[in-house]
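Per numbering that gives the first Met the number 0, the sequence shown starts with residue 0, numbered consecutively.
These notes are about the structure you will find just below.
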Amino acid sequence: MTLPPAIGAASAAGLRATNARRTREAIQASALRLAAERGYEATTVEDVAADAGVSRRTVFNYFPTKADLILRAPQVPPQAEIEAFVASDGELLPDLLQLITHAVAPMGSDAEEFQRLRRVLRDTPSIVPELQSRVRLVHSVVRAALARRLGADLGSPQVIAAAALAITLYRAAYELWAGDGGDPGADATCDGTAPSSFPASAAPGTLAEALDLVTASLRGIFDNPKAPAAATRKDHA
């Protein structure tokens with residue numbers, strides 16, 4: 000059976016996109032693992048290419064600089080997602096968290112790789128400013144979208160409070176999901192917050208699960224502020 004030209008072309012384009020994504024992920028996984036094992040400075044692009052099974056040129060096609068290989072930085076959301084957020088009449092906080100979820104997806108795919116990133120950042124402070132710069136850019140874009148949706152100025156209390164709440168929830172989610180109780184690299188990846196002491200055995204399996212947990216916990220605190228204390232007293236009775 001022969002597919003119509005339009006369907007065949009779309010299928011081929013989809014396959015190319017999938018292969019490109021897998022290649023990019025494989026290269027970056029190799030780079031992060033090697034940098035965590037050997038150190039950032041001791042890891043060369045040639046090492047990464049050999050480990051990922053690609054050419055040096057392919058590595059540079061996906062990652063223009065060596066730092067790009069390592070930094071799983073947040074990405075500015077696509078304009079279509081920003082416009083959908085601005086136009087939405089749904090509940091603000093879930094919509095805002097969803098927008099940020101797409102932005103931080105590169106940092107939230109695998110807890111083990113996130114820990115490797117922390118170690119590399121801890122051992123190579125020279126690349127931390129680049130990550131911080133990218134985080135600030137995403138913050139500014141999301142905050143501007145929030146101001147548009149609320150019809151308020153960037154410096155208004157509503158915009159400042161909503162943006163701060165969303166970012167704080169994400170920091171808490173990262174700490175629950177990948178916190179190790181004492182890795183100073185967390186300061187760079189979580190924008191200055193202290194690492195978590197949450198037991199690893201009880202940590203959520205995914206960043207999305209961690210975000211759901213902290214969001215539900217916050218709602219529970221506001222809906223019934225005495226409930227956590229009552230539960231604690233009961234547990235220790």
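Glycine included, each C-beta is placed from N, C-alpha and C at the ideal position.
Keep in mind it's a predicted model, so treat the numbers as computed, not measured.
Could you check how far apart the C-beta atoms of residue i and residue j are, in whole angstroms? I think they sit under 8 Å.
| i | j | result |
| --- | --- | --- |
| E129 | L70 | 6 Å |
| F84 | L98 | 5 Å |
| L31 | D46 | L31 to D46, Cβ: 12 Å. No contact. |
| I126 | A66 | 5 Å |
Using DSSP with H/G/I as helix, E/B as strand and the rest coil, what is residue i?
| i | result |
| --- | --- |
| Y39 | coil |
| T57 | helix |
| P73 | coil |
| A151 | coil |
| E80 | helix |
| G204 | coil |
| D190 | Here D190 scores only 48 on pLDDT, less than 50, and its place in the model is too uncertain to base an answer on. |
| N223 | coil |
| P63 | coil |
| G13 | helix |
| T123 | coil |
| E90 | coil |
| D109 | coil |
| N18 | helix |
Select from the options the residue whose C-alpha is nearest the C-alpha of residue i.
| i | options | result |
| --- | --- | --- |
| V141 | R121, A177, S125, P73 | P73 |
| Y169 | A48, L136, A151, T214 | T214 |
| R117 | V158, E82, L217, Y173 | Y173 |
| D88 | L31, L136, G150 | G150 |
| D109 | G204, T167, D222 | G204 |
| A207 | I220, R121, N223, A171 | A171 |
| P76 | A163, L136, I159, A177 | L136 |
| I81 | H138, I126, R37, G38 | H138 |
| L212 | L96, R56, S54 | L96 |
| I256 | V127, V103, I126 | There is no way to answer for residue 256, as the model of the chain reaches only from 0 to 236. |
| E111 | V53, A177, Q131 | A177 |
Hey, how far is the Cα of residue i from the Cα of residue j?
| i | j | result |
| --- | --- | --- |
| G154 | R147 | 12 Å |
| D50 | A35 | 14 Å |
| L217 | E40 | 42 Å |
| L210 | G219 | 14 Å |
| L68 | Y61 | 9 Å |
| H101 | T64 | 23 Å |
| T22 | R121 | 27 Å |
| A161 | E24 | 33 Å |
| I159 | A144 | 12 Å |
| P124 | R55 | 26 Å |
| T17 | T57 | 16 Å |
| N223 | R37 | 50 Å |
| F59 | P156 | 44 Å |
| A86 | L92 | 14 Å |
| D94 | D152 | 19 Å |
| R133 | F221 | 33 Å |
| A228 | Q131 | Any answer about A228 is weak, because its pLDDT of 46 lies below 50 and its placement is not dependable; what the coordinates show is given next. Distance between the alpha carbons of A228 and Q131 is about 37 Å. |
Using 10 angstroms around the beta-carbon of residue i, count the other beta-carbons present and answer buried if the total reaches 16, otherwise exposed.
| i | result |
| --- | --- |
| T42 | buried |
| A185 | Low confidence applies here, because A185 scores a pLDDT of 45, under 50, leaving its location unreliable and the question unanswered by this model. |
| A19 | exposed |
| S196 | Since pLDDT at S196 reaches only 46, below the 50 mark, its modelled position is unreliable, and the value read off the structure follows with that caveat. It counts as exposed. |
| Q27 | buried |
| A163 | exposed |
| S29 | buried |
| A187 | In this predicted model, A187 has a pLDDT of only 48, less than 50, meaning its place in the structure is not dependable enough to derive any value. |
| R115 | buried |
| A48 | buried |
Strictly under 8 Å for the Cβ-Cβ distance: is residue i near chain B by that measure?
| i | result |
| --- | --- |
| L212 | This model lacks chain B altogether, as it is built from one protein chain only. |
Let me check you understand the geometry: is the CB of residue i closer than 7 Å to at least one non-hydrogen atom of the ligand MG?
| i | result |
| --- | --- |
| S216 | By its list of ligands, the structure shown contains no ligand whatsoever, and the ligand MG lies outside what it can speak to. |
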